[in-house]
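Numbering (my numbering), first residue to last: 4 to 468. Glycine is no exception: its CB is placed at the ideal position from the N, C-alpha and C atoms.
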């Protein structure tokens with residue numbers, strides 16, 4: 004008989020390890036298997052009788068007697084799930100109907116014969132649909148009921164992972180006759196009026212965040228107009244205002260519009276990288292910081308990116324054997340292949356296969372990366388304080404490694420000294436040359452600080468173009 008299972012899970016994505024744990028355990032009549040895998044912690048009760056009736060109704064009388072629906076339960080907590088046994092000759096005719104019922108009831112369908120499963124959120128992302136619907140409801144309420152809004156602008160969104168996020172800024176105009184504190188209070192009350200019973204408002208981090216089960220929508224209030232310099236928010240139940248001490252979101256957006264390639268918007272200005280979340284919990288602060296990062300990138304003497312890769316670049320990022328973080332939460336430091344040679348020379352000292360496996364994924368343990376960073380600090384000090392030292396020469400032996408030393412960009416003429424005496428040229432431009440090490444060291448140390456506290460399996464990936 005062909006065997007299928009239907010169950011409800013607390014797992015939030017189909018890639019979660021707990022789904023595989025449940026799949027391995029289902030159907031076992033031995034409590035030891037359930038206890039060993041802790042599967043009962045990950046399954047959830049649902050109306051099995053109702054689902055059973057729905058399946059039988061969908062299949063109809065044509066295949067009666069050729070399949071069986073059995074309601075079973077876990078040994079300890081007695082949490083019910085459904086086992087389906089069907090003859091091979093009818094499985095193709097009924098499995099689509101069973102899948103339809105699974106999707107409509109937020110269930111997982113596990114095919115025990117082929118060891119495959121169909122997770123309803125992977126087929127139709129209901130959390131994405133939920134946040135899109137709620138964003139429309141809140142935005143429409145803001146536009147309809149709030150007076151003197153200069154602009155309601157989306158800062159960014161992250162829909163690919165387990166928890167969906169959408170962030171907005173509301174820039175206010177002057178001229179309502181109300182204090183900024185009163186307008187913050189009115190905004191807070193407006194959002195509360197639109198809340199569902201399953202939602203709540205969090206007013207931490209100088210913004211207003213609507214939290215659903217698997218999504219959150221934030222609004223930051225800035226005042227006034229395109230030259231905004233103040234934030235308005237609620238703290239401990241009381242309205243507050245303060246100076247931003249940064250450029251406004253509107254100023255940042257206008258700079259981005261005029262200076263950043265549209266493709267960069269796909270990276271949401273680095274807003275959803277874990278280290279950015281940790282450093283800037285307020286989404287508007289994070290958005291502006293992302294713009295400032297891009298401003299700095301455009302001033303660099305070498306070609307690089309922080310929020311994503313580009314053609315001809317060496318990519319550096321952290322790697323986890325298990326999917327602890329979603330891919331869009333992890334930053335990728337990308338540096339042009341030629342510009343990155345001085346870094347690769349040091350990496351080669353610890354990982355001699357880097358050039359041999361240049362175009363593959365190379366996973367380096369975090370302990371090795373710590374050693375690499377320390378060596379880079381040593382080389383940087385030599386570069387700044389003892390450029391002519393013989394100790395520095397091994398890291399400059401690759402002729403292409405001098406490419407990044409060129410202190411001119413965009414077709415400007417190269418100093419003749421670059422060709423006549425490259426060590427002297429290096430000495431004159433040693434601070435510009437050291438910037439490459441600074442960028443990598445700062446990025447790597449931030450990754451080590453962010454990810455290496457409790458995960459022994461974290462590694463660093465180095466991959467050529």
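| Query | Result |
| --- | --- |
| Candidates 154, 248, 190, 466, of which the one nearest residue 211 by Cα | 190 |
| Close Cβ partners of residue 437 (< 7 Å) along its chain, the five nearest in sequence each way excluded | 383, 386, 387 |
| For residue 252, the three-state DSSP class (helix, strand or coil) | helix |
| Endpoints, beta strand (DSSP E) assigned at residue 337 | 336-339 |
| Beta-carbon spacing of residue 201, residue 253 below 8 Å | no |
| Proximity below 8 Å, CB of residue 349 to CB of residue 398 | yes |
| Backbone CA spacing between residue 12 and residue 97 [nearest angstrom] | 23 Å |
| Burial state of residue 152 (16 or more Cβ within 10 Å) | exposed |
| Identity of the residue in 64, 65, 58, 79 nearest residue 73 by Cα | 58 |
| Between the CA atoms of residue 341 and residue 428 - distance to the nearest angstrom | 18 Å |
| Neighbour-count burial assignment, residue 159, 16 or more Cβ in a 10 Å radius | buried |
| Inter-residue Cα distance where the pair is residue 448 and residue 433 | 22 Å |
| Residue 148 versus residue 170 - alpha carbon distance | 20 Å |
| Identified DSSP bridge partners for residue 203 | 214 |
| Distance CB(residue 305)-CB(residue 439) smaller than 8 Å | yes |
| Delimiting residues of the beta strand (DSSP E) encompassing residue 139 | Counting along the chain, residue 139 falls outside any beta strand (DSSP E), though it belongs to the alpha helix (DSSP H) covering 129-148. |
| Pair within 8 Å by beta-carbon distance, residue 122 and residue 111 | yes |
| Beta-bridge partners of residue 366, as assigned by DSSP | 464 |
| Outcome for residue 446 when other beta-carbon atoms lying within 10 angstroms are tallied against a minimum of 16 | buried |
| Counted within 10 angstroms of its Cβ, other Cβ atoms place residue 404 as buried (16 or more) or exposed | In this prediction, residue 404 scores a pLDDT of 48, lower than 50, which makes its location untrustworthy; the coordinate-derived value is nonetheless stated afterwards. It counts as buried. |
| Stretch-stretch touch, CB-based, cutoff 8 Å, three pairs: the segment 177-190 with the segment 129-136 | no |
| Proximity below 8 Å, CB of residue 329 to CB of residue 163 | yes |
| Where residue 80 sits in the DSSP three-state scheme | coil |
| Cβ separation of residue 214 and residue 277, assumed to be a contact under 8 Å, to the nearest whole Å | That pair is no contact at about 19 Å. |
| Three-state class that DSSP yields for residue 318 in the structure shown | strand |
| With 16 other Cβ atoms within 10 Å as the buried cut-off, status of residue 356 | exposed |
| Spatial distance of residue 23 from residue 46 (CA atoms) | 12 Å |
| Per DSSP, the bridge partner or partners of residue 161 | 168 |
| Close-in-space but distant-in-sequence residues of the same chain around residue 414 (CB under 6 Å, 5 per side omitted) | Because residue 414 carries a pLDDT of 49, less than 50, the predicted location of this residue cannot be relied on, and no value is offered for it. |
| Close beta carbons around residue 55, own chain, < 8 Å, minus the five adjacent residues each side | 72, 74, 85 |
| Where residue 319 falls, given that 16 or more other Cβ within 10 Å makes a residue buried | buried |
| In DSSP terms, what residue 242 is bridged to | 237 |
| Neighbourhood of residue 142 by C-beta, 8 Å cutoff - its chain only, sequence neighbours within 5 removed | 155, 171 |
| Contact under 8 Å by Cβ, residue 130 with residue 217 | yes |
| Among 35, 207, 463, 94, nearest to residue 317 - alpha-carbon criterion | 463 |
| Start-to-end residues for the alpha helix (DSSP H) that takes in residue 111 | From DSSP, residue 111 is part of no alpha helix (DSSP H) but of the beta strand (DSSP E) over 111-114. |
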